[in-house]
Each structure stands twice: as C-alpha cells, then as structure tokens.
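Reading through the structure tokens given below for one structure.
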Amino acid sequence: MSTKLKINPTIILKSIWQFIKKIFPIIIGSVLMAVAYNVLVVPYGLLSGGLSGIALIGKYLLNIPLPIGILILNIPVFIIGLRELNLSFILYSLIGTLILTAALPLTEPYLPVPELDLFLAAVFSGVISGIGGGIILRSGA
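With the numbering used here, you'll find the sequence shown wraps up at 163, consecutive numbering, no jumps.
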C-alpha cells in the first residue's frame, strides 16, 4: 500500500509569496546600509554602533575588509541566538547579514563620494543607515 504525498500548488505559492514579502524589506534595508557605509561612513572615516562599528575599527586599524569583519563578529551572536531566540528570527537576521556583506563590495565601485563637511556626512550617514536599519527591524529580522 503506497501513499502519495499530495502537493497543493496554492499553498506553495502562498508560502513563496510570504517569503518574498518578508525578505524584500530586508534586502532594501541592507542595501541602504551598504550605500551609507560606502558613500559616507568609510570615505569620511566615521564609525557606527554595534558590531558594524567594531568591524569598521578593524578595517581602519588592521585593514580587515568590512564584510569579513561583519561576518566574523556576527558568528558568535548567531550561535548564542540559536539557543535563546526564535529560529525564524535568527534565519532572517542571518539573511540580512549575508545581504549586507554581499552588498558592501557590490555597491562600492559604483557610488561616488560626495564632497561634504564631516558633520553633514555623519548626519546623512546616520539618516540613511538608520532608515535601512529601521526597515530591517520593522520586517522582523
């Protein structure tokens, strides 16, 4: 007696659509953060908060590539998070981190650095990366 698994295409399409709706804001927010880093933060020698700020210090002092620094510093956070947090949250956060680290080298050669006062560069980088981070947080990652 064999039983066949019935696959409902409607359920699969709904699942794919839910995934796209969840991941699209994460992509937009991560790319905005990468643009802020490449256009304003790194060229002006600024820092940001959190693990990205520590990765920036590693870039400035030890010449560690920013995407590598961000990935390495996030590994322990994800390991601890696996035990303490929802798996869905961890997976979407991991996707956001991977998109950010991929977007950093992809957007760098194509973006011109504007001539700004250091204070304005700090303000604009905070606004752009803040909007990107807010979009990511609002999406639940």
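Cβ atoms here follow ideal geometry from the backbone N, Cα and C, with glycine treated the same way. Note that this is a predicted model, so its numbers are computed, not measured.
Leaving aside the five residues that flank residue 115 on each side, the residues in its chain whose CB is nearer than 7 Å to its CB run, in chain order, 163. Taking the CA atoms as reference points, residue 36 sits about 20 Å from residue 117. With fewer than 16 other Cβ atoms from the protein chains shown falling within 10 Å of its own Cβ, residue 108 counts as exposed. Here the C-alpha atom of residue 140 lies approximately 58 Å from the C-alpha atom of residue 29.
Residue range 140-160 is occupied by the alpha helix (DSSP H) that includes residue 157. By alpha-carbon distance to residue 96, the top candidate from 123, 110, 82 is 123.
One Cα belongs to residue 82, the other to residue 73, and the distance between them is close to 14 Å. The beta-carbon separation of residue 104 and residue 112, rounded to 6 Å, stays under the 8 Å limit for a contact. Taking C-beta atoms under 8 Å as the contact rule, residue 126 and residue 88 qualify, at a distance of about 6 Å. Residue 61 and residue 147 have their C-alpha atoms some 8 Å from each other. For residue 44, the enclosing alpha helix (DSSP H) starts and ends at 31-58.
7 Å or more divides the Cβ of residue 144 from the Cβ of residue 78.
For residue 81, the three-state secondary structure derived from DSSP is helix. In the three-state scheme derived from DSSP, where H, G and I count as helix and E and B as strand, residue 132 is classed as helix.
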